[in-house]
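Engineer: Before I ask anything, let me first share the structure, which is written out below as structure tokens.
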Amino acid sequence: MSEWRPIETAPKYCDPIDIWGKHGRTPDCTYGKPTYQDGIGWIYQSGYDSDGPVFELVVKPTHWMPLPEPPQLRDNEPETTRRHCPLDGGGEDAR
Numbered sequence: 014m015s016e017w018r019p020i021e022t023a024p025k026y027c028d029p030i031d032i033w034g035k036h037g038r039t040p041d042c043t044y045g046k047p048t049y050q051d052g053i054g055w056i057y058q059s060g061y062d063s064d065g066p067v068f069e070l071v072v073k074p075t076h077w078m079p080l081p082e083p084p085q086l087r088d089n090e091p092e093t094t095r096r097h098c099p100l101d102g103g104g105e106d107a108r
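The opening position of the sequence shown corresponds to residue 14 in our numbering, with each subsequent residue numbered one higher.
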């Protein structure tokens, strides 16, 4: 099991991580630009609107933790696709 690490050591590329901030744990965060706020920082998908996914800033992030490894796939089970990266439009090699 991973342990919480200081936010200053968090990797700023598009693999999602869990973040601990003012409101507790926020899963699946990336570093990028929020949808309707100024600036750049640790964001999470808070929902959808008519334009698509909405990303908001994590409030006062202090720690981070990598996501656990996904479960082992069974025969004939499809792999999931990579998540959207708000910094560069996403894609297979969004790093």
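Just so it is clear, CB atoms sit at the ideal spot from N, CA and C, and this is done for glycine as well.
Between the Cα of leucine 80 and those of Pro74, Ser59, Asp41 and Val67, spot the shortest distance and give me the residue it belongs to.
Structural biologist: Against the sequence shown, residue 80 aligns to sequence position 67. Ranking Pro74, Ser59, Asp41 and Val67 by Cα distance to leucine 80 puts Asp41 first.
Engineer: Helix, strand or coil for isoleucine 53 per DSSP?
Structural biologist: Position 40 of the sequence shown, counted from the first residue, corresponds to residue 53. Three-state result, isoleucine 53: coil.
Engineer: With a cut-off of 8 Å on the beta carbons, I'd call tyrosine 13 and threonine 39 a contact; round off their distance for me.
Structural biologist: The structure shown does not extend to residue 13, since the chain spans only 14 to 108, so no value can be given for it.
Engineer: Taking the straight line between their C-alpha atoms, what separation do you get for tryptophan 77 and glutamate 69?
Structural biologist: For the purposes of this step, residue 77 is taken as the residue at position 64 of the sequence shown. For the purposes of this step, residue 69 is taken as the residue at position 56 of the sequence shown. Taking the straight line joining both Cα atoms gives about 17 Å.
Engineer: Output yes or no for whether 9 Å exceeds the beta carbon distance between lysine 25 and tyrosine 49.
Structural biologist: Walking along the sequence shown from the start, residue 25 turns up at place 12. Walking along the sequence shown from the start, residue 49 turns up at place 36. No. Outside cutoff.
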